[in-house]
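Here the sequence shown is numbered in the working numbering, starting from 2 and rising by one per residue.
Read the structure below first, then the notes.
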Amino acid sequence: MIRKAVFPAAGLGTRFLPATKAQPKEMLPLVDKPVIQYVVEEAVASGIEHIIIVTGRGKNAIEDHFDVSFELEHILEQRGRLDLLKQVRQISDLVHITYVRQKEALGLGHAILMAREVVGNEPFAVFLGDDVIDAPVPCMRQLMLAHKRFGATILAVEPVAPERVKDYGVIAGQEIEESVYRVTNLVEKPHPAKAPSNLAIIGRYILTPEIFGHLERTPADRNGEIQLTNGLRSLLMRRPVYAYRFQGRRYDTGNKLDFLRATVEFALKRPDLGAAFRRYLRSLNLGKKKKKV
Numbered sequence: 002m003i004r005k006a007v008f009p010a011a012g013l014g015t016r017f018l019p020a021t022k023a024q025p026k027e028m029l030p031l032v033d034k035p036v037i038q039y040v041v042e043e044a045v046a047s048g049i050e051h052i053i054i055v056t057g058r059g060k061n062a063i064e065d066h067f068d069v070s071f072e073l074e075h076i077l078e079q080r081g082r083l084d085l086l087k088q089v090r091q092i093s094d095l096v097h098i099t100y101v102r103q104k105e106a107l108g109l110g111h112a113i114l115m116a117r118e119v120v121g122n123e124p125f126a127v128f129l130g131d132d133v134i135d136a137p138v139p140c141m142r143q144l145m146l147a148h149k150r151f152g153a154t155i156l157a158v159e160p161v162a163p164e165r166v167k168d169y170g171v172i173a174g175q176e177i178e179e180s181v182y183r184v185t186n187l188v189e190k191p192h193p194a195k196a197p198s199n200l201a202i203i204g205r206y207i208l209t210p211e212i213f214g215h216l217e218r219t220p221a222d223r224n225g226e227i228q229l230t231n232g233l234r235s236l237l238m239r240r241p242v243y244a245y246r247f248q249g250r251r252y253d254t255g256n257k258l259d260f261l262r263a264t265v266e267f268a269l270k271r272p273d274l275g276a277a278f279r280r281y282l283r284s285l286n287l288g289k290k291k292k293k294v
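Shown next as structure tokens:
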């Protein structure tokens, strides 16, 4: 059983500057919840009991969000806002969270290494907060079911457009059954013409504790970062690695256009907002603007 999950959250959020100059990218709101809360809720729904969030400088808002807020709760209780009080208390009661500090943003592999002592000697999940996944069965739960069968490292993958493979780690592999691949190679951000497939690794992993030794021995790349993909490639030489094509809709909320799509689609699904928001969208004149003569 996978009990622990690592959430790397020490990145600088440069794709969303200037909004992320003074606030963590993980705290940008999708409708009325920060992005990271959707991902934490997926972890809880998948059965995760303990989350390790790897933070860095300027990330205190994440800790504050999942902590108890006595003053806010007291004010809401005094004002009779019991509905909001319930929502606020649910956030701090979601799951047990430990925070680990990454002093420098030295790559995803390095962030995972920072959680080694807390994870211990057991398989664990990794969630990347940029990827919000809407699925009838939580994406991580799907990976857990695959891990239970194969007992090995499992990577979530999805097909992407050929021109987008340069933005992802990409697998080469053999499909051994529907949606399951035995990985034979991993390439970090390949040129589209040299990509081994269009199956991109997205922000959900189940890793075995062996990965820590491989990450320790992985040299930094030209940007001074330790890449998880390189550590996985080293692991692949000794142990089988599998990939699972999950079912669900992924939103890369680190991408501005995808963030806007997610905001619209999540709002439309809300029972308190959906109908009114849909009427508003239908009222918009989205035709091409006429050129002035």
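Glycine included, every Cβ here is placed at the ideal spot set by N, Cα and C.
Everything numeric in this text was worked out from a predicted model, so none of it was measured.
Going by CA-CA distance only, name the one from the options that's closest to residue i.
i: Lys257; options: Asp132, His215, Gln88; result: Asp132
i: Pro210; options: Met28, Thr154, Ser235; result: Thr154
i: His145; options: Asp65, Arg240, Val45, Arg262; result: One point to set straight first is that residue 145 is Met, not His, in the sequence displayed. The candidate whose alpha carbon is nearest that of Met145 is Val45.
i: His215; options: Asn224, Asn231, Glu226, Arg223; result: Asn231
i: Leu86; options: Glu72, Thr99, His97; result: Glu72
i: Tyr243; options: Val101, Glu27, Gly174; result: Gly174
i: Lys167; options: Val158, Pro193, Ala147; result: Pro193
i: Asn122; options: Arg4, Ala221, Glu179; result: Arg4
i: Phe213; options: Asp222, Leu200, Arg223, Ile227; result: Ile227
i: Ile49; options: Pro139, Asp84, Lys190; result: Pro139
i: Tyr182; options: Glu189, Val171, Pro191; result: Val171
i: Ala126; options: Thr254, Ile134, Ile177, Phe8; result: Phe8
i: His51; options: Leu282, Glu179, Arg150, Tyr100; result: Tyr100
i: Ala20; options: Gly255, Ala277, Phe267, Thr185; result: Gly255
i: Gly108; options: Arg90, Lys195, Thr219, Arg165; result: Thr219
i: Ala62; options: Glu27, Gly288, Phe278, Val89; result: Glu27
i: Phe67; options: Lys195, Ile76, Ile53; result: Ile53
i: Ser198; options: Pro160, Tyr281, Arg16, Arg234; result: Pro160
Any idea what DSSP makes of residue i, helix, strand or coil?
i: Val294; result: Residue placement at Val294 is flagged as unreliable, the pLDDT there being 49, under the threshold of 50; the coordinate-derived value follows with that caveat. Coil.
i: Ala106; result: coil
i: His192; result: coil
i: Lys1; result: The question about residue 1 has no answer, for the chain in this structure spans 2 to 294.
i: Phe8; result: strand
i: Glu27; result: helix
i: Tyr169; result: coil
i: Lys270; result: helix
i: Arg283; result: helix
i: Arg118; result: In the sequence as displayed, the identity of residue 118 is Glu instead of Arg. Here Glu118 sits in helix by DSSP.
i: Ile227; result: coil
i: Ala221; result: coil
i: Ile203; result: strand
i: Gly174; result: strand
i: Gly275; result: helix
i: Arg183; result: strand
i: Lys251; result: As written in the sequence, residue 251 is Arg, which differs from the Lys given in the question. Strand, per DSSP.
i: Ser235; result: helix
i: Ile3; result: coil
i: Leu216; result: helix
i: Ala263; result: helix
i: Ala20; result: coil
i: Pro163; result: helix
With DSSP as the reference, identify every bridge partner of residue i, one or two as the case may be.
i: Phe125; result: Leu208
i: Arg246; result: Val158
i: Leu13; result: In DSSP, Leu13 forms no bridge with anything.
i: Thr99; result: Ile53
i: Asp131; result: BP columns for Asp131 are empty, so no partner.
Next item on the list: Answer yes if the segment 120-139 comes into contact with the segment 196-211, meaning at least three C-beta pairs across the two stretches below 8 Å, and no otherwise.
Entry: yes
Check: Quick one: any contact between the segment 51-69 and the segment 102-122, if contact means 3 or more CB pairs under 8 Å?
Finding: yes
Next item on the list: Entirely within the segment 134-161 and at least 3 residues each: give me those beta strand (DSSP E) ranges in chain order.
Entry: 154-160
Checklist line | Continuous alpha helix (DSSP H) assignments of at least 4 residues falling wholly in the segment 22-97 | finding: 36-46, 61-67, 71-79, 83-93
Notebook entry, point to check: Does the count of Cβ pairs from the segment 232-252 and the segment 6-13 closer than 8 Å reach three?
Noted result: no
Margin query: Check whether the segment 265-279 and the segment 28-35 touch, using three or more Cβ-Cβ pairs below 8 Å as the test.
Written below: yes
Notebook entry, point to check: Can we say the segment 82-97 touches the segment 36-45, given the rule of at least three CB pairs closer than 8 Å?
Noted result: yes
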